[in-house]
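A short write-up of the structure that comes next.
Protein chains: 4
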Amino acid sequence: MHVGVLTGGGDCPGLNAVIRAVTQSLIRDAGARVTGIERGFLGLIERRVQPLDSHAVSGILHQGGTILGAHNAADPFHWPGNERGGDVSADVLAYARELGLDALVVIGGDGTMRIAHRFQQLGLPVVGVPKTIDNDLLHTERSFGFDSAVAVVAEALQRLETTARSHRRVMVLETMGRYAGWIALEGGLAGGADAILLPELPYDLQAIATLCHEREAEAGFTLICIAEGAHPAGGAMTVQAHLAHSPDPVRLGGVGEALRAQLQPLLASEVRSTQLGHVQRGGQPTAFDRVLSTRFGCHAAEMVARREFGRMVVLRGDACTSVPLSEVAGGSRRVPPDHPLLRAAASLGISLGRPCGAAPSSATP
Amino acid sequence: MHVGVLTGGGDCPGLNAVIRAVTQSLIRDAGARVTGIERGFLGLIERRVQPLDSHAVSGILHQGGTILGAHNAADPFHWPGNERGGDVSADVLAYARELGLDALVVIGGDGTMRIAHRFQQLGLPVVGVPKTIDNDLLHTERSFGFDSAVAVVAEALQRLETTARSHRRVMVLETMGRYAGWIALEGGLAGGADAILLPELPYDLQAIATLCHEREAEAGFTLICIAEGAHPAGGAMTVQAHLAHSPDPVRLGGVGEALRAQLQPLLASEVRSTQLGHVQRGGQPTAFDRVLSTRFGCHAAEMVARREFGRMVVLRGDACTSVPLSEVAGGSRRVPPDHPLLRAAASLGISLGRPCGAAPSSATP
Amino acid sequence: MHVGVLTGGGDCPGLNAVIRAVTQSLIRDAGARVTGIERGFLGLIERRVQPLDSHAVSGILHQGGTILGAHNAADPFHWPGNERGGDVSADVLAYARELGLDALVVIGGDGTMRIAHRFQQLGLPVVGVPKTIDNDLLHTERSFGFDSAVAVVAEALQRLETTARSHRRVMVLETMGRYAGWIALEGGLAGGADAILLPELPYDLQAIATLCHEREAEAGFTLICIAEGAHPAGGAMTVQAHLAHSPDPVRLGGVGEALRAQLQPLLASEVRSTQLGHVQRGGQPTAFDRVLSTRFGCHAAEMVARREFGRMVVLRGDACTSVPLSEVAGGSRRVPPDHPLLRAAASLGISLGRPCGAAPSSATP
Amino acid sequence: MHVGVLTGGGDCPGLNAVIRAVTQSLIRDAGARVTGIERGFLGLIERRVQPLDSHAVSGILHQGGTILGAHNAADPFHWPGNERGGDVSADVLAYARELGLDALVVIGGDGTMRIAHRFQQLGLPVVGVPKTIDNDLLHTERSFGFDSAVAVVAEALQRLETTARSHRRVMVLETMGRYAGWIALEGGLAGGADAILLPELPYDLQAIATLCHEREAEAGFTLICIAEGAHPAGGAMTVQAHLAHSPDPVRLGGVGEALRAQLQPLLASEVRSTQLGHVQRGGQPTAFDRVLSTRFGCHAAEMVARREFGRMVVLRGDACTSVPLSEVAGGSRRVPPDHPLLRAAASLGISLGRPCGAAPSSATP
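Protein chains in written order, with UniProt numbering: chain A, 1 to 365; chain B, 1 to 365; chain C, 1 to 365; chain D, 1 to 365.
So this is what it looks like as structure tokens:
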């Protein structure tokens, strides 16, 4: 049996741990030969692969990134600069046959799974492993990388707290999370944020200013954790207006900086913002993520051995199982307004936004 | 409403995060007054308490240990040096009435919950919060502190790997886990151990020596992670025999050191052992444990507000719920021989022991 | 003897360790009474102090920030909104007499030492302790906080490397250092940067682009560490031009983002930038900084006991000694063009800028 | 020019950073060819080498251990099992000639430098780089690895403090340091130890018990940091007597465990001991150690290029320079009784032993 392994989309702590587990399990339990595809689907398009054996995956458990390389946007069904309207899937399938691949283990997110599903339908047997640092894939309760990102956010907040407390400042930390606020929510809770602003719950600038005022009088400082996709109630207009004259609004400051600029005139304290950026997705996975990645990898290898194709590994409760690839694509798991962690945050007095159309909650004074 | 909070048994990262969440939630959502009992049930015996308000629990989210103090062995039903055969529970109840406590939140393990249950039966309303660094309490999938301990073990293994690899040594790391091997199992997986030895799966010295031999020829080094309660197949006799002339066998070396002494004569490589000890249970909780502790604390406060007494918070799937205190005591969650993590470990080629009475598994060559 | 302690200027890891060491040493060895002044010189203006004893400084060794609070800009000789042209120094001296202060230990940087020196001249005995996260104070080889900032930068670079390597990107990390590039230099060396850009050595955009090109072909990625005060040769004009339409150039992106925007059109690889911000100065001091802070604090206490006033502690070689306050102010220690670390960087092939007026060095291909 | 590189003795964080800096500098600045000798002098005896180029040393800056492998006891002048009384130095010189080595860079401690010196005398040009995790080599103020070990000790003490404080215990931490107490001294200061016991200052058990008693009444707990070579005043007899019936006294418990056993009967609090072991020398070097290692490596390469042979790199003040190999061997830098850090520790109230023959100091009540 000859199995290909591929990591699609952006990098994420734990990818190497999955590659190691898949490779060692396939070699050991299924007697398989394993080949790594370089840089996601790009490797199948440009025909770049490398053999994976015990030696190649030795010592990579702790390493961030992916030894196979990553590419954010290589889609064989839409590959620019190709005469056939960008569809090079037939070439990819031909290459897979040339390699003699009996199956492909595809580690990736929503977009990668959509591509994987199409190859499955075209006859290339596929097993998917969910990868989303934002923890927003449907069907799986947790995915690897998320715990590592949360740990980075929590540590940054803890560092910012000491300087906020000493200088009696308002500190704004912007985290990843364009559509789903899980990282800001768990990172903010773990880091002791006083306000947590998510894409799912538009915030009220005045409520945040009130919180900062109240805290100026007592604790003396305020920590705000804001996801990059968060926006004020009434639309993202205010942020965009503020940044309208900027050539590249997201890069030149981001929503954290925009919130800082809006808050500062309303407050006596100094307001400062920090944007964590790529530091959140680089580096070593936490121990938790190493165990989860290893589990996912071993489960994917078992699925290959059982020829359980066209499905993606998921975690449910404390057990690994799988769902059809067709069910994975086209949706994402956002923070529901009644999630227990939101309830917990509110009962701790953490300021949150409120669902669109909702009346002001008691948590935002 | 006046609520007491108490941390029983040994300390554990995350205790302060629970205390903070319980206190802030009770004050904010239930308008309660909160009193901290010092050093577990000892504070109720010796009448030492302290008021808990927002200020008292500010900034403790990250702190290891417990601001209330801990005591391993204070049981009001068996309190030595008392004329009534050691039962001072009536005094404790009288003191609780004097304080005007309407409820008691008890954070602790198996033994603490047994005591809590008896007080509930005697009329003191109790809500329990599970605390077990070993992750071995029945009914809850995870408890706080465990992730932190696993992280310490994984980091120690990672450190030991560099020296093992450079010197081509066999390194033995002894972890906590007298009856349940969860810490050694997850810590060993996350830290890249080549053999993981648990109390649940007696090990075969010769199989471990064979593994080390094989690795001497290839990778050149071997990492062994052994729980303090692990023992060789055929009984713990060999270890005890080895240490028989030691006045205090567990302290003077432990099972890791005993394994080292047994392995050394069989191998050409040097064998070294390290015992992590209390470093595993001290220090800051991981971000994961801070979130879980906060959730447990908020859920316990909700239970108090709903007068849902005589029950303990548990985590099932991704949801907090509760079970009767009567069901908690008198059992522990050990690693079952068919656990998916054991299967994953075996398919990675990690050497494990085998269940009592089982034939040698393929994982132990 | 009654001694005041004050932390001036911005916060810095290790301030609390100094406060603890000064306080405990003064109490123990000089039998002194110690009073903490709140928020730098603001506390002397607004008459806010707190007693410092063994209990008050217990457990603060590891804490970031300062328990006394900080204020960046409180100068009693220039205090806005005062009828006497802003000079409230006489009030401060009167308050010091009221308190009965025999001496003042002032922990701070260049600006703080200038103020301290004036009070010394006005008859208030002062001992200075150098505080500069940028490590740019004259006369002292090292100051506390710097090692902690370097550690944060090195860890961020290490994280960014995994994602740069996986995605074959150019990653730009902007660090603190407006006038002196020590943090970027040591952080960049420790973090494995391929180019290190300092305020002292204007950079050549084309040389950096060439480096990135060369690395695209080999390693596949490039790590650039740039101090916030770095600028291209030929003047900072290009950066400012790029950001001219931005209302707040430094905040909305900074020089790292400007460099990214300039590099991107020249390269095939994606270029990304990250600005570490306040994360660099918050949080726990490293072990090194705790030892250095403790040493500085104990030495300052000895100087008070010996009535060695009007001087600031400095580290020379491996010994603490002192210099007159008059010599400290009005200068800063910048990275000299012939510094051994620059020579080491060049011989590793790290791209550096070159001194104003210098011909292109061999290190910038 | 063809240069060999060799790491002798035990491993130490920073070795790989030195190897990387030496290799890259020699290739870049001297146009040299570089060959790595495997496992210290063993590689010259057993003729095992590997080529070192830019690719081979890429990405190893952060790695603990040594990519060349280490061997504690391979001395070509005393090599057991050889007909000529163990002297295989002539074979080694012949092999060096066969390889065409023009120079050898030897990274190691006291023992390794002694061997290096003899080869220099026999005509093989040598440059030495000091390596001592204990920081006890003569002539150099700091060596790499030491800062990393101190950081591990400080973190362990910080973890132990939380559990000591919660349970009101006495915690004993045993560190490396058989003859010189630098690790225990700086680690103990950085970790907040209440007593620091060094080989250089025999301790008085009764004084330590008194300290614990005093702290039982106040703080409630005591942290003791003891170097593995520390011993009670009046000779190490008491420890050895205690452990006399143990087959391997150092391994089965060590001096920390012995101190625990001696203290426990004198105290009401529980006493617990932990022995850090190899965790102290494994793992990633700190940022400080990476910079120092890089500097040492680049300086050694410069010395080779200048043909400055027979000398070892040293750090003096903030500058790298060198001393003759003949001056290095046969001595070690121990903590002098009047060292400023000891004075600082005493003025903080930290309990220390006292120099042999000295009267009890005021620091040991």
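Ideal Cβ placement from N, Cα and C applies to all residues, glycine included.
(message) Taking the beta carbon of E186 of chain D as the centre, do at least 16 other beta carbons fall within 10 Å, making it buried, or is it exposed?
(response) buried
(message) Can you check whether the C-beta of L243 of chain C is within less than 9 Å of a C-beta belonging to chain D?
(response) Residue placement at L243 of chain C cannot be trusted, given a pLDDT of 47 that sits under 50; what the coordinates show is reported in the next sentence. Answer no: the Cβ-Cβ gap between L243 of chain C and chain D never drops below 9 Å.
(message) So for R272 of chain A, helix, strand or coil by DSSP?
(response) strand
(request) Could you say which of D:F288, D:I350, D:R334, D:H339 lies nearest to D136 of chain D if we only look at CA atoms? (result) D:R334
(message) If you follow the beta strand (DSSP E) that M171 of chain D is in, where does it begin and where does it stop?
(response) 170-175
(request) Could you check what DSSP says for A190 of chain C in three-state terms: helix, strand or coil? (result) helix
(message) Whether or not the stretch 147-166 of chain B and the stretch 211-229 of chain B are in contact is what I'm after, with contact meaning three or more pairs of Cβ atoms, one per stretch, closer than 8 Å; do they touch?
(response) yes
(request) Using the Cα positions of M312 of chain B and S293 of chain B, report the straight-line distance between them to the nearest angstrom. (result) 14 Å
(message) Could you compute how far the alpha carbon of Q264 of chain C sits from the alpha carbon of V57 of chain D?
(response) 29 Å
(message) Whole angstroms are fine: how far does the CA of V22 of chain C sit from the CA of Y95 of chain D?
(response) 59 Å
(message) When you compare the CB positions of G10 of chain B and G100 of chain B, do they come within less than 9 Å of one another, or not?
(response) no
(request) Starting from the beta carbon of T294 of chain C, find every residue of chain D whose beta carbon is closer than 9 Å, and list them in chain order. (result) L189, A190, L341, A344, A345, L348
(request) Answer with yes or no whether the minimum CB distance from E155 of chain A to chain C is below 9 Å. (result) yes
(request) With a threshold of 16 other CB atoms inside 10 Å of the CB of Q120 of chain B, please say whether the residue is buried or exposed. (result) buried
(request) List the endpoints of the continuous beta strand (DSSP E) containing A227 of chain C. (result) 222-227
(message) Give me the chain D residues within the contact set of R272 of chain B, using Cβ-Cβ distance strictly less than 8 Å, ordered along the chain.
(response) G277, H278
(request) Provide the residue(s) that pair with S322 of chain A in DSSP beta bridges, ordered along the chain. (result) A:V313
(message) Measuring straight from C-alpha to C-alpha, what distance separates L61 of chain C and N16 of chain C?
(response) 6 Å
(message) H167 of chain C and E270 of chain C - do their beta-carbons sit closer together than 9 Å?
(response) yes
(message) Taking 8 Å as the cut-off, is the beta-carbon of R97 of chain A closer than that to any non-hydrogen atom of the ligand NAP?
(response) This structure lacks the ligand NAP, and indeed carries no ligand of any kind.
(request) Tell me, please, whether the CB atom of T364 of chain D is closer than 9 Å to any CB atom in chain C? (result) The predicted position of T364 of chain D is uncertain, since its pLDDT is 37 and thus under 50; no value can be drawn from it.
(request) Apply the 10 Å Cβ neighbour rule to G123 of chain D and answer buried if 16 or more other Cβ atoms are within range, or exposed otherwise. (result) exposed
(message) I want to see whether chain A comes within less than 9 Å of E186 of chain B, judged by CB atoms only; does it?
(response) yes
(request) Using 10 angstroms around the beta-carbon of R290 of chain A, count the other beta-carbons present and answer buried if the total reaches 16, otherwise exposed. (result) buried
(request) Kindly indicate if chain E contains any beta-carbon less than 9 Å away from that of M176 of chain A. (result) Included in the structure are the protein chains A, B, C and D, with no chain E among them.
(request) Would you mind reading off the limits of the alpha helix (DSSP H) that contains G43 of chain B? (result) 41-46
(request) Tell whether a beta-carbon distance below 9 Å holds between P13 of chain D and Q284 of chain D. (result) yes
(request) With V3 of chain D as the anchor, note down where its beta strand (DSSP E) starts and where it stops. (result) 2-7
(request) Drop a sphere of 10 angstroms on the beta-carbon of D53 of chain C, count the other beta-carbons inside from all chains shown, and report buried for 16 or more, exposed for fewer. (result) exposed
(request) Run down chain C in chain order and give the residues with a C-beta less than 7 Å from the C-beta of P160 of chain A. (result) Position check: residue 160 of chain A holds Leu in this sequence, whereas Pro was assumed. Going along chain C in sequence order, the residues near L160 of chain A (Cβ under 7 Å) are H278, V279, G282.
(request) For R178 of chain D, count neighbouring C-beta atoms within 10 Å of its own C-beta (all shown protein chains included) and say buried if the count is 16 or more, exposed if not. (result) exposed
(message) Run through chain C and tell me which residues come within less than 8 Å of E141 of chain D, C-beta to C-beta.
(response) G317, D318
(request) Count the other CB atoms, across all protein chains shown, that sit within 10 Å of the CB of V18 of chain B; report buried if there are 16 or more and exposed otherwise. (result) buried
(message) Rounding to the nearest angstrom, what Cα-Cα distance links C320 of chain B and T274 of chain A in this structure?
(response) 34 Å
(message) Would R290 of chain C pass as an interface residue toward chain D - the criterion being a Cβ-Cβ separation below 9 Å?
(response) yes
(message) Beta-carbon within less than 7 Å of residue 385 of chain B's beta-carbon, same chain only, minus the 5 sequence neighbours each way: which residues are those?
(response) Outside the displayed range of chain B (1 to 365) lies residue 385 of chain B, so it cannot be described from this structure.
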